[in-house]
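Enquirer: Chains as they are written, first to last, in our numbering: chain A, 1 to 219; chain B, 1 to 219. Backbone N, C-alpha and C fix where the C-beta goes; we use that ideal spot for every residue, glycine too. My questions will all concern the structure given below.
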DNA sequence: CAAAATATGTTGTTAAAACAACAAAACGGA
DNA sequence: TCCGTTTTGTTGTTTTAACAACATATTTTG
């Protein structure tokens, strides 16, 4: 097991290299390899394990009753998936996890995290804290996206998104980490319609922009 | 302090009445009362405390740069708020918390949860586990809502929502926990447009419904 | 039960976004 | 610098949802 890699992940953050192997044993961890397109877990399964992507990538997707498919997330190496489900009992998966390419996954038993190895070892506690942080951060990110997409107009979505960015960056002059296509996907709108709306907002004098630099204006 | 009430909350679940007072002390807990409309915390603050609503209710809201306001959540008695922010360092609040009525809030230091009282007391661990469960559950709920609202059409949103309900209820005949207005708000669409779309879907033969009972049909 | 209140469904109009197709600008090597 | 590529912006058309106003059904309650 590549302990260096693991120590660099958010899940094992703060845990020493030499502690890893003991910890993995006590968490019932095991690894498994998947070919491209292979299912890692399926909708309806009861996820007992947290998945940590060691190499490759995982796609989280959902098929509805009539067969329409939608991709919910891409999980890169070093990131975890299915953690929310593994930590709640009796909550079957509502999504599928599929290997996006040749992928290796480390599985960690979710129950073992809640009820540790008898002796409350300190690095066990670290995992819990790390998970709590990962989960809280994800929460903030999800809540934000819901906020930004709650307006029914593209202009409304842009205004709430840009406002928060300005707040975060502490200035009304901001740079965003998306190109137009990514921003459109994030806000759940059409790219060309987004461009058109931005240009209208500039004409209306509520903002100015160039590429991904924006300047919000009070009138 | 009403220990019976606290034991019934998700945050203090599994903790014994007689343990509560000691625990509260070790978590630096304190209570505060607010009048209707009073701000509990403001956007930009660094939330150090988890808030637990003891009585009344709290509204989580957001104002954008240009003054548009939107309500993100209503927190009822027994539920927590600001927990995600309190658990992550250096993440200033992007929302305001306002008392919806005369409200009393119990605050618990987020840092104290991560670095406990020296002796790793077992009920301290319970709080962490409870928080992890609360956070994971919230995650699942938020992810779901994002999934359901990711389609650009009302029909698409309905199909993904109803599919999941059918999966959860283990049948293609389901009952939903919303009336039309609530469902429309949840899916972020107009009520009357929702009604119209439902009726069109019935005409198209992909479902049948009466009030909040639905029957999904394969063709 | 009848009246009032609430919830659901229908329809026509208007506003907005999706979509498509293309123009212009910016970028990145060769 | 020039050419190919990618990104961004523009415009017209079509689709869809919002909106408004009202009809019908259902529930509540005096």
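Consider the Cβ of residue 94 of chain B: report whether some Cβ of chain A lies at a distance smaller than 8 angstroms.
Expert: Residue 94 of chain B counts as touching chain A.
Enquirer: Closer than 8 angstroms by beta-carbon distance: list the chain A residues that pair up with residue 138 of chain B, in chain order.
Expert: In chain order: 139.
Enquirer: Suppose contacts are defined by Cβ-Cβ distances below 8 angstroms. Is residue 2 of chain A in contact with residue 49 of chain A by that definition?
Expert: Not in contact: residue 2 of chain A and residue 49 of chain A (Cβ atoms no closer than 8 angstroms).
Enquirer: Here's the rule: buried if 16 or more other CB atoms are within 10 angstroms of the residue's CB, otherwise exposed. What is residue 39 of chain B?
Expert: Label assigned to residue 39 of chain B: exposed.
Enquirer: What are the boundary residues of the beta strand (DSSP E) that residue 53 of chain A is part of?
Expert: 49–55 is the extent of the beta strand (DSSP E) around residue 53 of chain A.
Enquirer: Within 10 Å of its beta-carbon, does residue 42 of chain A have 16 or more other beta-carbons around it, so buried, or fewer, so exposed?
Expert: The residue in question, residue 42 of chain A, is exposed, as its Cβ has fewer than 16 Cβ neighbours within 10 Å.
Enquirer: Which of the three DSSP states, helix, strand or coil, is assigned to residue 163 of chain B?
Expert: Note: residue 163 of chain B maps to helix in three-state DSSP.
Enquirer: Output, in chain order, the set of chain A residues within a Cβ distance shorter than 9 angstroms of residue 162 of chain B.
Expert: Here the neighbours are 64, 65.
Enquirer: So what's residue 128 of chain A in DSSP terms, helix, strand or just coil?
Expert: Residue 128 of chain A: helix per DSSP, three-state reduction.
Enquirer: Smallest Cα separation from residue 64 of chain B: which of A:131, A:187, A:211, A:157?
Expert: Closest option to residue 64 of chain B, Cα to Cα, is A:157.
Enquirer: Mapping the DSSP letters down to three states, classify residue 89 of chain B as helix, strand or coil.
Expert: Residue 89 of chain B: coil per DSSP, three-state reduction.
Enquirer: Measuring straight from C-alpha to C-alpha, what distance separates residue 96 of chain B and residue 36 of chain A?
Expert: Each residue's alpha carbon lies about 44 angstroms from the other.
Enquirer: What in chain A is Cβ-close to residue 91 of chain B, meaning under 9 angstroms?
Expert: Those are 136, 137, 140, listed as they occur along chain A.
Enquirer: Give the range of the alpha helix (DSSP H) segment to which residue 249 of chain A is assigned.
Expert: Here chain A comprises residues numbered 1 to 219, so residue 249 of chain A is not present and cannot be evaluated.
Enquirer: Identify every run of the alpha helix (DSSP H) within the segment 179–208 of chain A, keeping only runs that are complete inside it and at least 4 residues long; order them along the chain.
Expert: Runs found: 180–187, 191–203.
Enquirer: Identify every residue that forms a DSSP beta bridge with residue 75 of chain A.
Expert: BP columns for residue 75 of chain A point to A:58.
Enquirer: Using the Cα positions of residue 90 of chain B and residue 91 of chain A, report the straight-line distance between them to the nearest angstrom.
Expert: Cα to Cα, residue 90 of chain B sits roughly 32 angstroms from residue 91 of chain A.
Enquirer: Straight-line CA distance for residue 99 of chain A to residue 12 of chain A?
Expert: For residue 99 of chain A and residue 12 of chain A, the distance between alpha carbons rounds to 22 angstroms.
Enquirer: Using a beta-carbon distance below 8 angstroms, is residue 171 of chain B in contact with chain A?
Expert: Closer than 8 angstroms: no.
Enquirer: Less than 7 angstroms between the CB of residue 109 of chain A and some heavy atom of the ligand PLP, yes or no?
Expert: The ligand PLP is not among the ligands present in this structure, which contains no ligands whatsoever.
Enquirer: Looking at the structure shown, is residue 134 of chain A part of a helix, part of a strand, or coil, going by DSSP?
Expert: DSSP places residue 134 of chain A in helix when its eight states are reduced to three.
Enquirer: Give the range of the beta strand (DSSP E) segment to which residue 216 of chain A is assigned.
Expert: That run of the beta strand (DSSP E) goes 213–216.
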